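Heads up: the sequence lines are chains A and B, in that order. For the first sequence, full-length UniProt numbering assigns the number 1 to the initial residue and increments by one for each residue that follows. For the second sequence, full-length UniProt numbering assigns the number 1 to the initial residue and increments by one for each residue that follows. Each residue gets a CB set at the ideal place from its N, CA and C atoms; glycine is no exception. Small disclaimer: the values here were computed from a predicted structure and weren't measured.
Protein chains: 2
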Amino acid sequence: MSARRGQPLTIQEIYAAVLRLVDEGGVENLSMRKLAAELDVNPMSLYHHVENKDALLRGACTAVALGLRLPPDDGTPWQEQLRALAHAYRSIALSHPALWSYVNAHPGLVEQEGGMWEVFNRVLAAAGVPAGELVRVRTVLYTFVSGLLTAETSGLLAGLDPDGDAETTFDAAVDLILDALGSRVT
Amino acid sequence: MSARRGQPLTIQEIYAAVLRLVDEGGVENLSMRKLAAELDVNPMSLYHHVENKDALLRGACTAVALGLRLPPDDGTPWQEQLRALAHAYRSIALSHPALWSYVNAHPGLVEQEGGMWEVFNRVLAAAGVPAGELVRVRTVLYTFVSGLLTAETSGLLAGLDPDGDAETTFDAAVDLILDALGSRVT
DNA sequence: ACCTGAACACCGTTCAAGT
DNA sequence: ACCTGAACACCGTTCAAGT
């Protein structure tokens with residue numbers, strides 16, 4: 001018999017429940033059986049919508065990544081666009097810290113993070129980074145932001161700036177690296 | 001009866017087996033039962049030497065951290081000492097990538113990473129960083145290296161530099177951030 | 001002091017069976 | 001098409017018992 005109240009059980013419904021469990025207790029708090037209980041469903045029903053636990057997590061990560069708000073290709077200066085990209089990425093990371101930490105430790109898990117890399121490429125090209133160095137520069141910049149967010153999601157950035165919050169420190173650090181980049185490309 | 005060949009089972013022996021398992025299959029490859037099998041011992045015997053699995057992992061991480069080769073306090077320039085510190089840290093991360101990734105995602109797991117923070121403080125003070133900004137600068141620098149190593153341990157840095165290996169990219173990135181720091185303190 | 005076996009409450013996943 | 005129950009091979013950990 002069907003213990004469920006409504007319609008079949010959608011993948012969105014499943015992802016939402018995954019986020020609830022992971023947000024509240026980390027990735028290690030997610031189990032197929034707990035997830036089924038959260039959805040008021042038999043554990044085995046999940047396997048009709050998802051290949052296995054790994055695929056489920058990958059799917060949830062991709063779903064979150066698609067929510068990335070990429071800066072548009074208007075004429076604004078590259079520094080501003082990079083800042084906007086960094087903040088968009090940070091916003092997603094902070095809304096699901098545990099899941100982001102998991103993705104960060106397993107890169108390649110989500111192939112296209114909402115087209116982030118293409119935008120990154122465009123802005124860096126506009127900044128004057130030669131095509132041959134693009135991937136390297138992009139990777140280094142990304143790792144920098146990734147490191148900052150690792151610190152922030154673990155509370156290492158909290159109360160670090162006497163006059164402000166973690167965002168102040170994040171901004172200052174991004175400015176630092178943008179200055180360094182600027183002095184290289186000009 | 002004792003299925004073991006020799007003496008009681010030392011904590012060093014246990015940590016060594018933990019490293020073997022984690023190095024070869026990641027932290028998720030470590031289970032108390034597999035570890036016991038690796039040591040040719042009853043699973044329950046482990047609990048006589050270690051409180052539980054979390055404490056075991058924490059202990060193994062601390063043991064590794066104690067192997068950090070800190071740069072001595074000779075008169076060498078601060079840039080060179082920071083580079084040496086970064087390389088010492090990198091060396092440990094690369095020798096146990098999976099364990100390092102775990103520590104990186106769980107900061108505060110190992111309290112004193114072999115006195116790394118004290119050395120960091122000393123060198124930054126020598127570089128002219130005001131005492132009030134020391135922790136913030138240190139944290140930002142650390143997160144930068146942490147991000148680079150996350151990339152390197154996941155293979156993102158491999159083959160990025162046309163003329164060299166991942167170390168070349170690592171060095172170039174460290175130089176970039178040292179330049180940025182230098183232009184702030186002088 | 002150190003080790004052990006049985007037991008408990010969990011896991012992910014397969015498979016044959018139900019509607 | 002979608003769901004389910006029983007089953008299998010795993011987990012971490014407790015506890016009473018052995019030497």
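DSSP places E118 (chain B) within a helical segment (H, G or I) once states are collapsed to three. Taking a contact to require three or more Cβ pairs closer than 8 Å, the stretch 166-178 of chain A and the stretch 135-153 of chain A qualify as touching. The stretch 42-108 of chain A contains, as complete alpha helix (DSSP H) runs of 4+ residues, the segments 53-65, 78-95, 97-105 (chain order). Taking 8 Å as the cut-off, the beta carbon of A60 (chain B) is found no closer than this to the beta carbon of L35 (chain B). CA-to-CA, the gap between R69 (chain B) and R20 (chain A) works out to about 42 Å. Distances from the CA of D73 (chain A) to each of A:L82, A:T186, A:L66 were compared; the closest alpha carbon is that of A:L82. With a threshold of 8 Å between beta carbons, D163 (chain B) makes no contact with chain A. Listed in chain order, the non-local C-beta contacts of P97 (chain B) below 7 Å within the same chain comprise T153, local neighbours out to five positions each way being set aside. Between T139 (chain A) and L156 (chain B), the CB-CB gap stays under 8 Å. Note that the C-beta distance between R136 (chain A) and T169 (chain B) is below 8 Å. Interface annotation, L99 (chain A): not in contact with chain B, CB-CB separation never under 8 Å. For A173 (chain A), the three-state secondary structure derived from DSSP is helix. When 9 Å is used as the limit between beta carbons, A60 (chain A) is near no residue of chain B, the shortest such separation being about 18 Å. At a beta-carbon threshold of 8 Å, none of the residues of chain A lie near F120 (chain B); the nearest stands roughly 14 Å away.
Counting only Cβ-Cβ distances below 7 Å, G128 (chain B) has no contacts in chain A at all, with the closest Cβ about 16 Å away. Residue state for G159 (chain A) is assigned as coil, using DSSP reduced to three classes.
By the rule that beta-carbons nearer than 8 Å mark a contact, I92 (chain B) does not touch chain A. The alpha-carbon of G25 (chain B) is positioned some 42 Å away from that of E80 (chain A). For S31 (chain A), the three-state secondary structure derived from DSSP is coil.
For L141 (chain B), the enclosing alpha helix (DSSP H) begins and ends at 134-153. Against chain A, the beta carbon of D179 (chain B) has neighbours under 7 Å at A180, listed in chain order.
For T10 (chain A), the nearest beta carbon of chain B is not closer than 8 Å to its own beta carbon. Under the three-state reduction of DSSP, T168 (chain A) is assigned to helix. At a cut-off of 8 Å between beta carbons, S146 (chain B) contacts chain A. Close partners of T150 (chain B) in chain A (Cβ separation under 9 Å): N104, A105, P107, T143, S146, G147, T150. Counting along the chain, the unbroken alpha helix (DSSP H) around A16 (chain A) starts and ends at 11-25. Excluding the 5 residues flanking it on each side, A17 (chain A) has same chain C-beta neighbours closer than 8 Å at L35, E38, L39, in chain order. Chain-ordered listing is empty here: chain B has no CB closer than 8 Å to the CB of S31 (chain A), the nearest sitting near 14 Å. The Cβ atoms of D179 (chain A) and A180 (chain B) sit closer than 8 Å to each other.
Annotated as proximal: S101 (chain B) and A105 (chain A), with beta-carbon spacing under 8 Å. The three-state reading of DSSP puts G128 (chain A) in coil, since its state is none of H, G, I, E or B. Between L85 (chain B) and V123 (chain B), the C-beta spacing is below 8 Å.
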